[in-house]
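A.B. asks:
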Amino acid sequence: WLGLIGGGLRLFANPWGSGLFGAAFFSITGLHLTHVVAGCIAITVVTLGYKRGRYDSMDLEIWGLYWHFVDMVWMFVVPFVYLLNVKR
Numbered sequence: 055w056l057g058l059i060g061g062g063l064r065l066f067a068n069p070w071g072s073g074l075f076g077a078a079f080f081s082i083t084g085l086h087l088t089h090v091v092a093g094c095i096a097i098t099v100v101t102l103g104y105k106r107g108r109y110d111s112m113d114l115e116i117w118g119l120y121w122h123f124v125d126m127v128w129m130f131v132v133p134f135v136y137l138l139n140v141k142r
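For what it's worth, this note's numbering labels the leading residue of the sequence shown as 55, then goes sequentially.
1) Apart from the five residues just before and just after L87, which ones in its own chain have a Cβ nearer than 6 angstroms to its Cβ?
2) Among residues of its own chain, excluding the 5 on either side of S111, which ones have a beta-carbon nearer than 8 angstroms to its beta-carbon?
3) How about I82 and V135: are their beta carbons less than 8 angstroms apart?
4) Can you tell me which of the three DSSP states S106 falls into?
5) If contacts are defined as beta-carbon pairs under 8 angstroms, then H89 and V131 qualify, I think. What distance do you get, rounded to the angstrom?
6) Taking L114 and V99 to be in contact with their CB atoms under 8 angstroms, please state how far apart those CB atoms are, rounded to whole angstroms.
Below is the structure:
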């Protein structure tokens with residue numbers, strides 16, 4: 055993000071193309087970052103709770119599935135975001 059911001063990319067202004075790309079890029083990657091941070095916090099809380107006996111292995115499994123879902127979605131989001139900027 056910092057490299058793109060330094061290169062002139064802004065939320066609604068993109069020197070390399072339409073403003074839609076900048077808005078889509080920051081919105082989608084920001085939303086993904088929010089889910090990653092929330093997942094890291096949740097997995098840490100559940101792991102510590104598991105060690106203390108408050109959670110069982112099913113709770114760990116559910117949050118592991120969440121983490122892999124976020125990862126899998128990202129594999130489709132990255133190409134989609136870059137295809138938005140393709141000049142037609």
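Even for Gly, the Cβ is constructed at its ideal location relative to N, Cα and C.
C.D. replies: Taking the structure as given:
1) Position 33 of the sequence shown, counted from the first residue, corresponds to residue 87. Cβ within range, chain order: n/a, list empty.
2) For the purposes of this step, residue 111 is taken as residue 57 along the sequence shown, with counting starting at 1. Around S111: Y104.
3) Position 28 of the sequence shown holds residue 82. Position 81 of the sequence shown holds residue 135. Going by C-beta atoms, I82 is nearer than 8 angstroms to V135.
4) Here residue 106 is taken as the residue at index 52 of the sequence shown, counted from 1. The question names Ser, yet the displayed sequence has Arg at residue 106. Note: R106 maps to helix in three-state DSSP.
5) Within the sequence shown, the letter at position 35 stands for residue 89. Within the sequence shown, the letter at position 77 stands for residue 131. Incorrect: roughly 11 angstroms between the Cβ atoms, too far for contact.
6) Position 60 of the sequence shown, counted from the first residue, corresponds to residue 114. Position 45 of the sequence shown, counted from the first residue, corresponds to residue 99. With a Cβ gap of about 11 angstroms, L114 and V99 do not count as contacting.
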